[in-house]
Amino acid sequence: MNHDDSVVLRLVEEVKQKCAGVQLQSEDVYMAPAFQDFIQMFVRRLRGEDQEEELVIDYVRPRTERRGL
Numbered sequence: 001m002n003h004d005d006s007v008v009l010r011l012v013e014e015v016k017q018k019c020a021g022v023q024l025q026s027e028d029v030y031m032a033p034a035f036q037d038f039i040q041m042f043v044r045r046l047r048g049e050d051q052e053e054e055l056v057i058d059y060v061r062p063r064t065e066r067r068g069l
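Numbering (the UniProt record's numbering), first residue to last: 1 to 69.
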């Protein structure tokens, strides 16, 4: 198991612990190439939806002293 695999496995296990009842596999994380894609898939799972239509999520981009974080 390489470093990337262990990070994905840890992410999946932490999400399972904090959000009981959500069915999530390592493949779900690998199929979401960006964190935004993962969040979209995860929110759909929380809502019990399986459709692939895009969810509208208003992402917050924090700014401090005129610089984005």
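We treat Cβ as the ideally placed atom computed from N, Cα and C, and that holds for glycine.
- DSSP places residue 63 within a strand segment (E or B) once states are collapsed to three.
- Under the DSSP assignment, residue 37 falls in the alpha helix (DSSP H) whose first and last residues are 35 to 47.
- Secondary structure at residue 22: coil, using DSSP grouped into helix, strand and coil.
- Counting every other CB atom within 10 Å of its CB across the protein chains shown gives residue 29 a total of 16 or more, marking it as buried.
- When the beta-carbon positions are compared, residue 34 and residue 41 stay at least 7 Å from each other.
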